[in-house]
Amino acid sequence: MKKTRQPMPEQEAQVRRHNFDEVALGYTPEMAVLEAERCLQCKNPLCVAGCPVGIDIPGFIQKVKLGEFEEAFRIIDAQSSLPAVCGRVCPQESQCEGKCICGVKGEPIAIGRLERFVADTHYAQSTEKIVPPTPNGHKVAVIGSGPAGLTCAGELARRGYEVTVFEALHKAGGVLVYGIPEFRLPKRIVEREIEQLRALGVKIEVNTVIGKTYSVEELMKEMGFEAVFIGTGAGLPRFLEIEGENLKGVYSANEFLTRINLMKAYREDSSTPVLHARRVAVVGGGNVAMDAARSALRLGAEKVYIVYRRSLEELPARREEVEHAVQEGVELMLLNNPVKVLGDDKGFVKALRCVRMELGEPDASGRRAPKEIPDSEFDLECDSVIIAIGTSPNPLMKNTTKGLEVNRRGGIVVAEQTGKTSLEGVYAGGDAVMGAATVILAMGAGKNAAASIDRFLS
Amino acid sequence: MYRILEKEQLNASVFRMVIEAPSVARKAEAGQFIILRTDENGERIPLTVADYDRERGSVTIVFSAVGATTIRLSSMSQGESLQDFVGPLGTPTETEGLSRVCIVSGGVGAAIAYPVAKKLASMGCCVHSVVGFRSRELVVLEKEFEAVSDRFLPCSDDGTWGEKALVTNVLQGLLEAGEKYDRVITIGPLPMMKYVSLVTKRFSVPTVASMNPIMIDGTGMCGGCRLTVGGVTKFACVDGPEFDAHLVDFDEAIARSSTYREFEGHAREQACNLFLGEGNV
Ligand SMILES: Cc1cc2nc3c(=O)[nH]c(=O)nc-3n(C[C@H](O)[C@H](O)[C@H](O)COP(=O)(O)OP(=O)(O)OC[C@H]3O[C@@H](n4cnc5c(N)ncnc54)[C@H](O)[C@@H]3O)c2cc1C
Ligand code: FES
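Those protein sequences? They're chains A and B, same order as listed. Residue 0 is where the first sequence starts when you use numbering that gives the first Met the number 0, and the numbers rise one by one after that. Residue 0 is where the second sequence starts when you use numbering that gives the first Met the number 0, and the numbers rise one by one after that.
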């Protein structure tokens with residue numbers, strides 16, 4: 000058996016760093032079958048235990064091996080409503096693939112790539128016409144159109160509920176449209192998911208900020224919604240709270256990525272501006288930081304740095320994203336902590352002052368905490384700084400919904416089993432509950448809440 | 000879609016539009032704002048709610064056609080529709096318990112200040128209005144403003160309308176003459192609000208400024224609208240748009256507002272050529 004996986008066809012690094020087209024091009028059927036043949040079909044599959052939604056992974060891979068791609072899709076579809084998205088953005092190395100037994104002596108099976116292949120093949124061939132189910136007479140409101148909200152809406156619509164999704168922005172999709180860039184997740188994939196929901200009869204009301212345009216109370220008391228699902232995400236950006244952070248050229252990653260992804264500021268025909276910086280320092284080490292760094296490159300930056308205060312080992316981004324970023328020319332400046340943003344006489348950023356860090360002894364949790372090396376400050380010349388150190392749930396829902404309980408970090412408190420909040424008939428899930436997490440967990444929470452809402456209303 | 004029900008040109012560059020937006024009109028209050036896009040490739044821009052009609056389901060906006068998007072907007076006609084229109088965003092002007100207020104506004108800010116004056120007057124509050132324009136031909140809503148003010152103090156830079164003075168001089172005159180106010184509310188260009196704030200600080204009159212930084216989402220998601228208020232970072236779209244003027248870092252706000260000056264100059268030129276014909280602005 001081959002120890003290594005089928006490589007993923009990709010746009011060449013020096014080409015792709017100048018465009019926003021998708022980086023990974025996807026397996027051909029031959030590649031998919033070859034990769035599927037590597038699977039040992041374990042009796043006790045660890046990969047399934049590593050999947051947050053418990054997809055029958057050996058099951059679908061077996062079908063791929065036999066060339067029965069549509070059957071493979073049915074198996075995934077039983078657990079996951081967004082396989083084309085998850086195959087592209089899930090952190091497989093810490094989930095299914097991280098558990099794969101083949102990974103011990105060689106490379107784990109490329110489960111994510113196979114999932115993507117199966118989903119893309121299905122959507123490319125499918126001529127299936129969606130027939131909306133017979134209405135069951137119940138109305139449910141979904142707030143937020145990210146993966147949590149979309150999944151909850153889809154699950155309920157399939158059961159015959161009349162579902163309306165309310166979205167604050169002018170376009171549905173949540174982080175999938177405003178955060179994750181085109182080169183990693185083409186927007187047509189998200190649009191197709193939304194089209195499918197519409198075909199199922201789901202109404203999507205964009206430009207509607209719940210808490211402002213309507214309150215949760217109005218939805219339930221005046222507008223006839225019997226249950227509400229809150230999937231408003233964790234959109235509130237955190238800042239470093241260092242001097243110079245409000246200089247021109249300092250962005251939160253959310254602002255920078257929204258200008259690019261939602262507003263398409265990289266295109267000639269968009270009226271939304273974004274600074275095209277020459278040298279960019281991105282602070283943080285997660286997927287968001289990598290997305291911002293790689294987007295900055297694509298806008299034409301000559302130098303892009305990732306400034307991260309721990310070491311490579313702790314870097315929380317998906318491995319693949321880090322590798323892609325480095326191939327494209329992003330420089331990792333590990334064990335550095337920003338202390339001040341310096342500006343020029345016009346108020347634009349001219350440098351980021353950093354201090355070097357070293358890892359100390361492991362603390363109680365076993366993590367080695369970074370600490371400053373005395374007198375190691377230096378100035379990193381740059382004309383833009385992008386802050387990607389995390390986000391928290393937006394307080395808007397809490398502030399406008401009486402009785403909605405949140406925890407210390409602003410996450411909505413829910414009963415784990417059901418997703419029910421402190422308010423009768425109100426459920427929540429995804430980043431709004433957990434704080435910034437993953438697409439698959441948000442999807443799982445949406446699905447779970449839909450089942451609870453169904454029990455509550457029937 | 001959000002239909003333009005009425006369009007009126009108030010002066011050479013300032014326009015008033017009534018937009019059909021029942022869900023926004025239901026709740027809008029003076030001091031709040033909306034975000035709109037004219038078309039599919041348009042940018043999101045915030046505009047203050049200048050008036051609303053809950054029964055008709057409409058919201059009035061007043062804007063000065065100075066940037067690419069506002070020029071494009073000014074070229075749209077009655078009956079056409081805007082791509083997006085979302086709101087009401089931000090917090091309403093706090094008016095409770097006020098009995099003597101001086102409203103200091105300038106330029107297109109006067110049109111935005113007018114509904115605040117109207118609301119205060121309707122509550123029985125004594126309203127003094129200091130209104131400034133560069134010159135007579137730029138004056139908007141004169142009669143309306145005068146009708147809701149107990150004292151109406153017009154002024155202009157060149158003396159062609161009211162007193163030849165800056166709004167800050169007029170305000171200072173009032174305060175020196177011993178006028179007492181519970182609050183000064185100021186709406187207008189950033190430098191004007193900065194100087195109004197400096198004057199009222201000297202006289203210890205509580206002052207509120209309506210801030211209008213660059214925004215995208217308007218829901219607290221991007222932080223692009225951040226300002227420093229009393230040494231703390233605030234998001235104008237959710238924490239404001241009105242803030243204690245004595246605590247606002249105006250210099251920082253002025254600097255941040257020029258982030259895209261270069262881009263804007265270029266975009267404006269293109270918009271002029273496209274929508275207005277050359278040499279029309
Ligand atoms: C740049 C970036 C890259 C990422 N990369 C990955 C990755 O590679 N893999 C991965 O698994 N995860 C990734 N994530 C995380 C993942 O995208 C999120 O965990 C996931 O999208 C959360 O889904 P959600 O449905 O809970 O919320 P969101 O996707 O945040 O959607 C919430 C929606 O609710 C709307 N909303 C908010 N408040 C209101 C309101 N009051 N009224 C109406 N609508 C409202 C918002 O506008 C938004 O559209 C990334 C996140 C970012 C920002
Ligand atoms: S406009 Fe984005 S946070 Fe205020």
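Positions of the beta carbon are idealized from the N, C-alpha and C atoms, including for glycine. The structure displayed is predicted, hence computed values, not measured ones.
Cα separation between residue i and residue j?
{"i": "Gly76(B)", "j": "Arg15(B)", "result": "The sequence as given places Ser at residue 76(B); Gly does not occur at that position. Using only the alpha carbons, I get a separation of about 12 Å."}
{"i": "Tyr51(B)", "j": "Ala24(B)", "result": "6 Å"}
{"i": "Leu395(A)", "j": "Val306(A)", "result": "31 Å"}
{"i": "Gly58(A)", "j": "Phe84(B)", "result": "48 Å"}
{"i": "Gln82(B)", "j": "Met214(B)", "result": "17 Å"}
{"i": "Leu65(A)", "j": "Ile75(A)", "result": "16 Å"}
{"i": "Asn286(A)", "j": "Asp38(B)", "result": "31 Å"}
{"i": "Arg187(A)", "j": "Phe165(A)", "result": "21 Å"}
{"i": "Ile44(B)", "j": "Arg278(A)", "result": "28 Å"}
{"i": "Glu360(A)", "j": "Ile452(A)", "result": "48 Å"}
{"i": "Glu404(A)", "j": "Ala147(A)", "result": "19 Å"}
{"i": "Val413(A)", "j": "Ile54(A)", "result": "25 Å"}
{"i": "Glu9(A)", "j": "Glu322(A)", "result": "13 Å"}
{"i": "Thr150(A)", "j": "Met442(A)", "result": "6 Å"}
{"i": "Arg135(B)", "j": "Thr159(B)", "result": "5 Å"}
{"i": "Phe228(A)", "j": "Thr90(B)", "result": "25 Å"}
{"i": "Pro87(B)", "j": "Ala235(B)", "result": "14 Å"}
{"i": "Asp156(B)", "j": "Pro188(B)", "result": "14 Å"}
{"i": "Glu357(A)", "j": "Ala316(A)", "result": "20 Å"}
{"i": "Gly243(A)", "j": "Gly219(B)", "result": "21 Å"}
{"i": "Ile60(B)", "j": "Val48(B)", "result": "6 Å"}
Residue range of the alpha helix (DSSP H) that residue i falls in?
{"i": "His127(B)", "result": "Looking at the DSSP string, His127(B) is not in any alpha helix (DSSP H); the run it does join, the beta strand (DSSP E), is Cys125 to Phe132."}
{"i": "Tyr177(A)", "result": "Val174 to Tyr177"}
{"i": "Thr150(A)", "result": "Pro146 to Arg157"}
{"i": "Leu33(A)", "result": "Pro28 to Glu36"}
{"i": "Ser294(A)", "result": "Asn286 to Arg297"}
{"i": "Val47(A)", "result": "Leu45 to Gly49"}
{"i": "Lys64(A)", "result": "Ile56 to Lys64"}
{"i": "Val247(B)", "result": "That residue, Val247(B), is in no alpha helix (DSSP H); it is neither H nor E in DSSP."}
{"i": "Ala449(A)", "result": "Val438 to Leu456"}
{"i": "Val189(A)", "result": "Lys186 to Ala198"}
Could you tell me which residues DSSP pairs with residue i in its beta bridges?
{"i": "Gly105(B)", "result": "Gly131(B)"}
{"i": "Glu19(B)", "result": "Ser57(B)"}
{"i": "Glu5(B)", "result": "Val17(B)"}
{"i": "Ser391(A)", "result": "Leu235(A)"}
{"i": "Ala208(B)", "result": "Thr185(B) and Phe242(B)"}
{"i": "Ile44(B)", "result": "Leu35(B)"}
{"i": "Ala350(A)", "result": "Leu341(A) and Glu380(A)"}
{"i": "Ala140(A)", "result": "Thr163(A) and Val227(A)"}
{"i": "Asp50(B)", "result": "Thr59(B)"}
{"i": "Cys154(B)", "result": "Gly131(B) and Glu162(B)"}
{"i": "Phe234(B)", "result": "Arg225(B)"}
{"i": "Pro90(A)", "result": "Answer is none; Pro90(A) lacks a bridge partner."}
Apply the 10 Å Cβ neighbour rule to residue i and answer buried if 16 or more other Cβ atoms are within range, or exposed otherwise.
{"i": "Asp149(B)", "result": "exposed"}
{"i": "Asp344(A)", "result": "exposed"}
{"i": "Asn447(A)", "result": "buried"}
{"i": "Asn393(A)", "result": "buried"}
{"i": "Gly410(A)", "result": "buried"}
{"i": "Thr3(A)", "result": "exposed"}
{"i": "Thr133(A)", "result": "exposed"}
{"i": "Leu311(A)", "result": "exposed"}
{"i": "His17(A)", "result": "exposed"}
{"i": "Asp382(A)", "result": "buried"}
{"i": "Ala280(A)", "result": "buried"}
{"i": "Thr258(B)", "result": "buried"}
Quick check on the DSSP output: the beta strand (DSSP E) that includes residue i runs from which residue to which?
{"i": "Phe228(A)", "result": "Ala226 to Ile229"}
{"i": "Gly424(A)", "result": "Where Gly424(A) is concerned, there is no enclosing beta strand (DSSP E), given that its DSSP letter is neither H nor E."}
{"i": "Phe280(A)", "result": "For the record, residue 280(A) in the displayed sequence is Ala; it is not Phe. Segment Arg278 to Val282, the beta strand (DSSP E) holding Ala280(A)."}
{"i": "Leu332(A)", "result": "In the sequence under discussion, the amino acid at residue 332(A) is Met, which differs from the Leu named in the question. Segment Glu330 to Leu333, the beta strand (DSSP E) holding Met332(A)."}
{"i": "Lys202(A)", "result": "Lys202 to Glu204"}
With hydrogens ignored, establish whether the beta-carbon of residue i is closer than 7 Å to any heavy atom of ligand 3.
{"i": "Asn168(B)", "result": "Ligand 3 is not part of this structure, which contains only ligand 1 and ligand 2."}
Any heavy atom of ligand 2 nearer than 7 Å to the CB - residues listed: Matched residues: Glu254(A), Met214(B), Ile215(B), Asp216(B), Gly217(B), Thr218(B), Gly219(B), Met220(B), Cys221(B), Gly222(B), Gly223(B), Cys224(B), Phe234(B), Ala235(B), Cys236(B) and Val237(B).
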